[in-house]
Every structure is written in C-alpha cells, then in structure tokens.
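In this note's numbering, the protein residues as written are 2 to 348.
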Amino acid sequence: EREKEREKERERGKEKEKEAKTPPERKAALERKAVGQCAAANDEEDFGGLFGHKPTAAAEVRRAPAAAEAEAEEARKKSPEGGGRRGRAFAWMDSGDEAEEAAEAEDEEEEEQASAEALDNVQSFGRMMLLAPSLQKRLASGSMAASDVMAACRALTRARFFDADLLEGLYGELRRLLQADLLDELQTNDALQCLAALNAYDRGVFSVVARTFKSKTRAMDPGLRAAWLDAFRRFGHDAERDFLQLLEAPPLLPTDPRYRKVRCWHHSRSRCALESNCTFSHDPRAPVSLVDVGHEDWWRTKPLVMTQNQKTLGHGVYGLAGMTDTRSPPAAPAGWAMHAGLSSLLG
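This is the structure in structure tokens:
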C-alpha cells in the first residue's frame, strides 16, 4: 500500500511538472475543451440530459463574438453587394468605374482649353495634339465664334495636323458660318487654304462658298480670286461652273463702257456658263478689248491672210514691201512678183 501511495505521489509530481512546463495558451485551450458536465456526475443526464444541456454563462460569453462574426459573414453573403462570387464581381466593377471617373476628372483638369490665343500660338504638331481634344469638343458644340474657327484653321495649317473627327466638326462650323454670312473673303480664304494644305475636301463647304460669294467676285482682289480658283480646281469641284467663270472674269457693271461690247472669251472658246446673264458680248465679231477696236481685225478686210512668220520674213514677196522695211525687196521667182496696182491696194 505504501508503494502504491508512493507511485501515486510520483505520478502527481510528474503531472505538476508537465503543468508547469505547459504554455499558458495551451492551458487555456485545454480548459475550454474541458468545460462541460460529466455524465457520471448525474445519472439522470446520462442520455437525454446531454441533448438538453444548456451552456453556462461563461461559455455563452465566449461564444458571443464568434456567433456575431458568423452572422455578419452570412449577411454579407446574402446581400447583392456583399460577399460571394457575385458580390466580389460587382465590387470589382464598382472599383473600376470609380477609377475611370477619377481618371476622367483628372484629364479634364489637365486638358488645355483651345482658346483663340492658344491656337494662335501653335507652331508645332505636338502642341496641336495637346489642344486637339478641347478643340474637337468646342467644334462639336456648334457655338464657336468666327474668330475662334479661323484661329483653328490657321493653327491646323501651320501644324499640318489632320484628324478626321476634328475636321468633321470643322466642316460643320464652316458651313454654319458661311450660310449665316458671318465670314468675309479673307476669313474664307483662311479656311480654303487650310483645306488645301491638309488635302481635306468637303463638297458642302465648297458649294456654300460658291453660293455665298457668287455675287461678290467683282469686289474681290485678283490674287484672292486666283487662289480660290486654284483651290477649286485642285479638288475638281466644278458643280458651280458659273462661280468658277466669275472667278476668272468678274462681271462688268452696266456703267462700264465694256458692258456687252467686249467679246466673252469663255463663249468664244467653248461655252459660257452664265449664258444670258453674262455681261460680255457673245457676238463673234465683237472686239477682244476696246483698245484694239478698229485695229485687231484689220486682216478681215484684206484679200490676203498671212501668218506672223510671213509678215516678218516675207517683206516684198507677200505685198508688204516698203511699209515697214526700207531694204530693197528680195528677188522673187517668176510669177511671185506682185503688181503695182495690187501693192497699192494692200498698202
């Protein structure tokens, strides 16, 4: 019996040593597992009592945070914006939209405004690229002033900047301003030179230019008319032939002495696009100019029609000896000499 007691004491000592060596965290875990009620302590709870066991207050306190966290996680899973694959997908999409909105806001803040002053200072392609987004938005709005549109045309010409979307907005603004008669010939010239430099053609713009300035060609500068005629011919725009003819030969006023008296050289060459509205004469006998009246068609009254070569080299042979040349006439073959009576008639 003494030996058994000694063995029990040794076992108790070993257990105490183990408990002393066990970390505090391990002890707490063992205590949580050990919390319960032994079935042998109360025989009436051997079976049914176990299922009806109610946890102690300490166990309820320890379980409350974990239960609350589990309930919150379950609520997040059930909510459309919460956890789960669907929730995570929507959360990712929302974060992307927020990032895009933030980037757009930053771009708008950094975007330079395409004012007339800024466009007049453009001297390079790179500088024009920075102003292009703002300029495109202003052109699309359809409310730019004529001075701003002309500044844009000059800037595009200097930078040789071609952008199809931007030019579509420019075409619309030019048509609007021309139809409202808000551009003069110098501003319109800037627009045409811009389109020519960029090799950009819009039939509507050229047609509106022709209709707007058809009655203003007489007051235009000859150099300006020549530049416009070159631009129209460059793009092959011949829908308004009458306007092209007026650029070549502006109309005459009724008070002009040449009115309906000087020959229309368009009619003499092929066809006059103005027809009855032409201010020149369609008579083939009309003089080319008033200066040559009575002199330019002298050959029509002569019996002999000569070429210029015959006039300069055939003196004395073709009947003009003694008129402008004091030299003796050359010897002519038999039958070529002109009778004195005929020579006097030709003189």
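Even for Gly, the Cβ is constructed at its ideal location relative to N, Cα and C.
**Study point:** Per-residue DSSP class, three states only, for S216
**Key:** coil
**Request:** Drop a sphere of 10 angstroms on the beta-carbon of A181, count the other beta-carbons inside from all chains shown, and report buried for 16 or more, exposed for fewer.
**Result:** exposed
* Exposure of M130, with buried meaning 16 or more beta-carbon neighbours within 10 Å -> exposed
Under a three-way DSSP split, which group does R261 fall into?
coil
What first and last residue would you give for the alpha helix (DSSP H) that runs through Y172? 165 to 180
Worksheet item: For the 8 Å Cβ check, are there 3 or more pairs between the region 237 to 253 and the region 270 to 284?
Response: yes
| What residues in its chain sit with their C-beta under 6 Å from that of L253, if we drop five residues either side in the sequence? | R259, Y260, T280
| query | Do A117 and S142 come within 7 Å of each other at the CB atom, strictly closer than that value? | reply | no
**Exposure label - F233; buried when at least 16 CB within 10 Å** = buried
How is the alpha helix (DSSP H) around M151 delimited, first residue to last?
147 to 160
Do you know how far the Cα of L132 is from the Cα of A153?
-> 10 Å
query: Once you ignore the five residues that flank L230 on each side, which residues in its own chain have a CB closer than 7 Å to its CB?
result: L245, L248, E249
#### Entry: For S144, the three-state DSSP class (helix, strand or coil)
coil
Start-to-end residues for the alpha helix (DSSP H) that takes in G224
223 to 235
### Query
Of the residues L136, F126, Q124, which one's Cα is nearest the Cα of E113?
L136
task: Kindly indicate which residue of N278, C265, S290 has the alpha-carbon position closest to the one of D284.
output: C265
Look at the Cβ atom of E169, then the Cβ atom of M145, and state whether they are nearer than 7 Å.
no
Next on the checklist: To the nearest angstrom, how far is the alpha carbon of S208 from that of Q311?
Outcome noted: 49 Å
Who are the near neighbours of L199 in its chain, counting only those whose CB is closer than 6 Å to its CB and skipping five residues on each side? F163
Excluding sequence positions up to five away, which residues of its chain have a Cβ less than 6 Å from the Cβ of R11?
-> none
Give a yes or no on whether the C-beta atoms belonging to T218 and P255 are separated by under 7 Å.
no
- Message: What does the Cβ neighbour count give for T308, buried or exposed, with the cut at 16 atoms within 10 Å?
- Response: exposed
How many whole angstroms separate the CB atoms of L193 and A156, which I take to be in contact at a CB cut-off of 8 Å?
-> Rounded, the Cβ-Cβ distance is 16 Å, inconsistent with contact.
**Item:** Expected contact under 8 Å - CB spacing of L178 and L187 to nearest Å
**Value:** Going by Cβ atoms, the distance from L178 to L187 rounds to 13 Å, so no, they are not a contact pair.
- Roughly how many angstroms lie between the CA atoms of M1 and K138, to the nearest whole one? The structure shown does not extend to residue 1, since the chain is modelled only from 2 to 348, so the question has no answer here.
Review point. Could you give the C-beta distance for R212 and H238, rounded to a whole number, given that I count them as a contact under 8 Å?
Key: So it is not a contact: roughly 13 Å between Cβ atoms.
Is the CB-CB distance between L225 and N190 below 7 Å? yes
request  = Check each candidate in R159, K215, R176, L167 and name the one with the smallest Cα separation from C195.
outcome  = R159
Would you mind sorting V263 into buried or exposed? The rule is 16 or more other CB atoms within 10 Å of its CB.
buried
Kindly list the residues whose CB is nearer than 8 Å to the CB of K17, restricted to its own chain and excluding five residues on each side of it in sequence; keep chain order.
none
- Message: Strictly by DSSP, which residues pair up with S282?
- Response: R264
* Asked: Taking DSSP as the reference, what is the three-state secondary structure of A250?
  -> coil
Using 7 Å as the limit for Cβ to Cβ distance, is S142 near chain C? Given the protein chain composition of this structure (a single chain), no chain C is represented.
* **Three-state class that DSSP yields for A201 in the structure shown** => coil
Exercise for review: Identify, in the order they occur along the chain, each residue of the same chain with its Cβ nearer than 6 Å to the Cβ of F236, setting aside the five sequence neighbours on each side.
Suggested key: Y202
For the alpha helix (DSSP H) holding E118, just list the boundary residues, first then last. 117 to 121
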